[in-house]
Amino acid sequence: MPEVPLSLVLSAASFAAERHQKQRRKGVDAVPYINHPLGVASVLARDAGVDDPVTLAAALLHDTIEDTGTTAAEIAALFGDEVAAIVLEVTDDKSLPSSVRKRKQIEHASTISTRAKLVKLADKLCNVRDLRRSPPTDWPAERVNGYFDWAKKVVDQMRGVSPALDDLLDEELGKRGEHGD
Ligand code: ZN
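Its first residue numbered 566, the sequence shown is counted upward by one per residue in my numbering.
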């Protein structure tokens with residue numbers, strides 16, 4: 566540290582792949598977990614036109630604290646304080662019950678930084694896409710629809726940061742209840 570921009574992004578991808586290596590996505594396809602952070606970073610780069618390496622690195626690392634026991638200090642040491650701060654902003658407190666965490670996401674979404682909002686919007690877009698295309702086998706339709714309703718409430722707090730992401734989210738959330746493509 567500090568690394569040159571492209572190297573920062575690639576190192577973050579590599580670190581996230583290592584930390585998520587034993588995890589799979591919940592969908593019926595059970596794809597390797599790393600496909601998710603890679604998808605979030607790709608949405609930001611391709612659809613939202615984000616070329617800021619700090620935001621892209623944070624997107625790649627966004628689930629490492631919440632889901633792999635990685636600490637913010639580790640991320641700060643390897644990728645810098647700015648990346649660590651964004652990842653922390655999009656990390657839920659897992660000591661809280663799920664219903665409380667979900668409520669807090671709605672309450673806090675409008676207060677986080679612009680970079681964190683971009684990561685969170687792209688994360689929600691990827692999650693609702695995955696849910697529609699490859700819902701977890703043990704999720705009944707009501708649970709999938711409940712996720713869509715909740716995701717919309719979180720997303721609505723962050724409108725205006727990226728018109729492109731707003732449009733994609735409107736389109737995807739409007740497909741609620743339709744499965745497959
Ligand atoms: Zn995620």
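Don't be surprised by glycine CBs; every beta carbon is placed ideally from N, CA and C.
Same chain, Cβ closer than 8 Å to residue i, five either side skipped, listed in chain order
i, result
"I671", "W715, K718, V719, Q722"
"S579", "none"
CB contact flag (residue i, residue j, <8 Å)
i, j, result
"F644", "L626", "yes"
"P597", "R589", "yes"
"F713", "V693", "yes"
"S699", "V615", "no"
"A687", "L738", "no"
"P701", "K591", "yes"
"I651", "S678", "yes"
"P662", "D628", "no"
"I599", "A610", "no"
"D658", "R666", "yes"
Of the listed residues the options, nearest to residue i (C-alpha basis)
i, options, result
"V709", "A687, R741, S678, L690", "R741"
"L690", "S699, D735, S660", "D735"
"V684", "S660, L653, D658", "L653"
"K682", "R724, R668, E707, K587", "R724"
"R680", "V569, G634, A613, L575", "A613"
"D617", "Q586, N600, L573", "L573"
"A642", "A577, T633, A595", "A577"
"T633", "D646, Q586, A595, P570", "Q586"
Same chain only: Cβ atoms within 7 Å of residue i, ignoring 5 sequence neighbours per side
i, result
"T656", "I630, E631"
"V648", "V619, A622, A623, L626, I640"
Residue i CB to nearest heavy atom of ligand 1 below 7 Å
i, result
"V605", "yes"
"D612", "no"
"D628", "yes"
"H585", "no"
"D748", "No statement about residue 748 is possible, as the shown extent of the chain runs from 566 to 746 and does not include it."
"D688", "yes"
"H673", "no"
Close-in-space but distant-in-sequence residues of the same chain around residue i (CB under 6 Å, 5 per side omitted)
i, result
"V605", "A624, A687, D688, C691"
Query raised in the report: Can you list, in chain order, the stretches of the alpha helix (DSSP H) that have 4 or more residues and sit fully within the stretch 644 to 714?
Result: Correct list: 646 to 654, 663 to 673, 679 to 698.
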